[in-house]
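Student: Quick note on the working numbering: the sequence shown kicks off at 2 and runs consecutively. No residue lacks a Cβ here, since even glycine has one placed at the ideal position from N, Cα and C. The model shown is predicted, which means the values in this text are computed figures rather than measured ones. Dumping the structure here so I can ask a few things about it.
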Amino acid sequence: MTPAAADESSPSAGEPLLSIVVTIVEGGAALERFLAALAAQQDPPPLEVLVPFDASTGPLTALRAAHPTVRFLDLGVVPTARPPASAGGQHELYDRRRAAALAAATGDLVAILEDRGLPRADWARQAVRLHCGEPAVIGGAIEPAPGRLIDWALHVCDYSRYSLPFVAGPVPWVSDVNVVYKRRALEATRELWRDRFHEPAVHWELERQGEALILAPELVVVHHRRPAPFTRLLGERYHWGRLFGYIRAREMPAGARLLRALAAPLVPFVVLARHAAVWRRRGETARFVLALPILLLFVAAWTLGETIGTLTGRP
């Protein structure tokens, strides 16, 4: 999918230093809040904001009129392997939208953010400052917004390793919910993300090329989640875990995939222990214990999906 049909009538003025690819996850009010947060950035560098959308999101007519300097990229109908309304289909749409916008971005630095992850007022300025050095990939902190216990549990599952406090430096993982790349990193991996952006595959390839993934506590977004039924959230855990298993399976020989699958019953307990250590440091042990039944179900659903994706090699 390419942004050939994109609305190019309203690009940002001047040559951008920082391009920001906005992944529509919730749309509507969440996207409006996000764009307002970008517009309110303090002392920002020259920015290019790209919002890829498709037939499943609707035309975004009002938002396009309200934000004339934002590049809204109309991708039309994007085919997906799974139904577009399903968790698996939704993730595929996110991946394909990101890929189309990355191909269209013109900045020396290119960021990926989500509409439900609001950047702090100094985010853009910090992104450029941090990239004055050599690292080609810099991820940031992802903090939970106030919400229900179930929303907090989801945050624990997805973003514990990116929750403050942490020490800046090289890490095995950064998240495409809050990441900024030098252009050289994207050009070096273009064949991997040309059609669909898979964060783990891109980052593993960059590490093989000698690049480090840096996590920086100054680069902060606050993640908000719209309430959703518990059954839908479990399905999301399963399908996203299965996608990760599929991506990792492409990097592993058959024997290693089998060993991973055999170890699957232990995975939820190892993962929960790691999460517990993070939230103990934040002084939130009581909340973690209260959320433990929900966390166990979420982690089990992810592990089941990851195991099936690893064994079958299918997303």
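By alpha-carbon positions, which one of VAL175, ILE143, ARG149 ends up nearest to LEU165?
Tutor: Here the question's residue 165 lines up with position 164 in the sequence shown. Among VAL175, ILE143, ARG149, the Cα nearest to that of LEU165 is on ILE143.
Student: Report back the beta-carbon spacing between PHE245 and PRO201 to the nearest angstrom; my notes put them in contact at under 8 angstroms.
Tutor: As a first step, residue 245 must be located in the sequence shown, where it is residue number 244. As a first step, residue 201 must be located in the sequence shown, where it is residue number 200. About 7 angstroms; that satisfies the 8 angstroms criterion.
Student: Considering only the alpha carbon of each residue, which of PRO84, THR62, GLY77, LEU48 lies closest to HIS240?
Tutor: Locating residue 240 in the sequence shown gives position 239, where the first residue counts as 1. Residue PRO84 is the option with its Cα nearest to HIS240.
Student: Just to confirm the assignment: which complete alpha helix (DSSP H) runs, minimum length 4, are found wholly within the region 203 to 276?
Tutor: Here the runs fully enclosed are 231 to 250, 255 to 263.
Student: Do ALA88 and GLU237 have their C-beta atoms closer together than 7 angstroms?
Tutor: Locating residue 88 in the sequence shown gives position 87, counting from the first residue. Locating residue 237 in the sequence shown gives position 236, counting from the first residue. It is a contact, given that the beta carbons lie within the stated cut-off.
Student: Taking the CB atoms as reference points, tell me whether LEU23 and ASP116 lie closer together than 7 angstroms.
Tutor: Start at 1 with the first residue of the sequence shown, and residue 23 comes out as number 22. Start at 1 with the first residue of the sequence shown, and residue 116 comes out as number 115. Residue identity check: residue 23 is Val in the sequence provided, not Leu. Taking 7 angstroms as the Cβ cut-off, VAL23 and ASP116 qualify as a contacting pair.
Student: Is ASP75 helix, strand or coil by DSSP?
Tutor: Here residue 75 refers to the residue found at position 74 when the sequence shown is read from its first residue. Residue state, collapsed to three classes: strand.
Student: What do you reckon, are the CB atoms on ARG184 and ASP109 nearer than 7 angstroms?
Tutor: Numbered from its first residue, the sequence shown carries residue 184 at position 183. Numbered from its first residue, the sequence shown carries residue 109 at position 108. Contact flag set, yes.
Student: Expressed to the nearest angstrom, what Euclidean distance is found between the alpha-carbon atoms of GLY148 and VAL181?
Tutor: The sequence position of residue 148 within the sequence shown is 147, counting from 1. The sequence position of residue 181 within the sequence shown is 180, counting from 1. Spanning the two alpha carbons is a distance of roughly 27 angstroms.
Student: May I ask you to report which of helix, strand or coil DSSP gives GLU192?
Tutor: Position 191 of the sequence shown holds residue 192. The answer is helix: DSSP assigns GLU192 an H, G or I state.
Student: Do VAL178 and GLY90 come within 7 angstroms of each other at the CB atom, strictly closer than that value?
Tutor: Counting from one through the sequence shown, the residue named residue 90 turns up at place 89. Counting from one through the sequence shown, the residue named residue 178 turns up at place 177. For GLY90 and VAL178, no; Cβs fall outside 7 angstroms.
Student: Using the Cβ count rule (16 or more neighbours within 10 Å means buried), how would you classify ALA112?
Tutor: Working through the sequence shown from its first residue, we reach residue 112 at position 111. Burial call: buried.
Student: DSSP three-state label for ALA41, please.
Tutor: Residue numbering aside, residue 41 sits at position 40 when the sequence shown is read from its first letter. Coil.
Student: Have a look at ARG226 and TRP303 and give me their C-alpha separation to the nearest angstrom.
Tutor: Here residue 226 refers to the residue found at position 225 when the sequence shown is read from its first residue. Here residue 303 refers to the residue found at position 302 when the sequence shown is read from its first residue. Taking the straight line joining both Cα atoms gives about 19 angstroms.
Student: Considering Cα atoms alone, identify which of ILE151, PRO45, GLU135 is closest to ASP121.
Tutor: One-based indexing of the sequence shown puts residue 121 at position 120. First, the amino acid is wrong: residue 121 is Arg here, not Asp. Considering only alpha carbons, the answer is PRO45.
Student: Out of LEU305, PHE289, GLY310, which one is the CA nearest neighbour of LEU150?
Tutor: As a working mapping, residue 150 is identified with position 149 in the sequence shown. Checking every option, the nearest Cα to that of LEU150 belongs to PHE289.
Student: Let me know the secondary structure DSSP gives LEU61 once reduced to three states.
Tutor: As a first step, residue 61 must be located in the sequence shown, where it is residue number 60. Note: LEU61 maps to coil in three-state DSSP.
Student: Does GLY29 come out as helix, strand or coil in the three-state DSSP assignment?
Tutor: Residue mapping note: residue 29 aligns to position 28 of the sequence shown, counting from 1. Helix, per DSSP.
Student: Are the CB atoms of ARG258 and THR313 within a distance shorter than 7 angstroms?
Tutor: Mapped onto the sequence shown, residue 313 falls at position 312. Mapped onto the sequence shown, residue 258 falls at position 257. Their beta carbons are not under 7 angstroms apart, which means THR313 does not touch ARG258 by this criterion.
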